[in-house]
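Data first, discussion second: the structure below is written as structure tokens.
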Amino acid sequence: MGKRINKYLDLIKEGICSVVYSEEAECPICKVYSQDGTLCEKCSSRIKLCYNSYILNHNNIDFKYYSAAYYAGTMKELILRLKYKSDFVSGEILSNYMISKIIEENICCDILTYVPMSRKALRKRGYNQSECLARNIGKELNIPIIRTLKKIENTQDQIGLNGEERWQNIKDSFKVINKQKLNNKKIILIDDVITTGATAFYCARELLKGGVREINILTAAKSNV
Ligand SMILES: [Zn+2]
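Read in order, the letters of the sequence shown are residues 0 to 224 in numbering that gives the first Met the number 0.
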């Protein structure tokens, strides 16, 4: 019974994250005419792509991460729309940039996972934007998506904290779940934005402790703030 309910929940979630495109061919950001409803030329020119990969280092542990573009201009707008306005068209556009990154950089994996939200935060927003991105990517590239982490309640929101405070605040916030599905797997950890990298770092560290063989982090955007 529990399994069946979970399956229905998955189907509902998939429905929430996927998008039915409207007939109208307009840019989702500025609403000018755009063939097939994707970003117009002007809005896509306001995206500054990231090239290559980066290293996230803390306490002598390294993780490799990739970001599709810098957190500015149209990219920032797409993320804010996905996060705060339930705009899943923006989510699909972001996912497509991330899919291109996976293909261009040839990032191999067995499963996709995502940075979790606390139950309280999830209840408030109704969906996890990182999970939405992971589901879009997984569906397109035919990669299984597994929930591998849970976020423990009562950590403060990272917004408004300085660099050092962010690392401290998030340090013990994540715990591995579904451990039996992780052993020796290559994983891509999906998040919307990487800033200091503290969140992604501690998620990746937990996964590593949980028996994962290789982790690459992929975010839609990279913020230098
Ligand atoms: Zn536009």
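For every residue, glycine included, the Cβ atom is placed at its ideal position computed from N, Cα and C.
query                                                                                                                                   : result
Relative to the alpha-carbon of Tyr50, which residue among Asn56, Ala68 and Leu77 has its alpha-carbon at the smallest distance?        : Ala68
Compute the distance between the beta-carbons of Phe62 and Ile214, then report whether it is under 8 Å.                                 : yes
Going by the DSSP bridge assignment, what does Glu76 pair with across the sheet?                                                        : DSSP, once it has assigned bridges, lists no residue as partnering Glu76.
Can we count Lys150 as close to ligand 1, meaning its CB is less than 7 Å from some heavy atom?                                         : no
Is Ile28 a contact residue of ligand 1, with contact defined as CB to any heavy atom under 7 Å?                                         : yes
Which residue wins for smallest C-alpha separation from Ser43, given the options Cys107, Leu55 and Tyr96?                               : Tyr96
Should Ser99 be labelled buried (16 or more other beta-carbon atoms within 10 Å of its own) or exposed?                                 : exposed
For Tyr64, which of helix, strand or coil comes out of DSSP?                                                                            : strand
Our contact map puts Ala203 next to Ile216 with C-beta atoms below 8 Å; I'd like the distance itself, whole angstroms only.             : 6 Å
Quick check: Ile142 and Leu111, are their CB atoms within less than 8 Å of each other?                                                  : yes
Let me check understanding here. Comparing Cα to Cα, which of Glu205, Cys131 and Tyr113 lies closest to Ile92?                          : Cys131
On the three-state DSSP scale, how would you describe Asn56?                                                                            : strand
Is it true that the CB of Asn183 sits closer than 8 Å to the CB of Gly162?                                                              : no
With distances taken from CA atoms, which of Cys107, Glu40, Ala199 and Gln179 is nearest Lys170?                                        : Ala199
With a CB to CB cut of under 8 Å and the five nearest residues on each side skipped, what residues in its chain are close to Lys47?     : Ala68, Tyr69, Ala71, Gly72 and Met74
With burial defined as no fewer than 16 other Cβ atoms inside 10 Å of the residue's Cβ, what is the status of Arg80: buried or exposed? : buried
Answer yes or no: the CB of Leu79 versus the heavy atoms of ligand 1, is any distance below 7 Å?                                        : no
With distance defined between alpha-carbon atoms, name the residue in Thr195, Ile186, Cys29 and Lys221 nearest to Leu207.               : Ile186
So, are the CB atoms of Gly136 and Ser94 less than 8 Å apart?                                                                           : In the sequence as displayed, the identity of residue 136 is Ile instead of Gly. Result yes, Cβ atoms of Ile136 and Ser94 sit closer than 8 Å.
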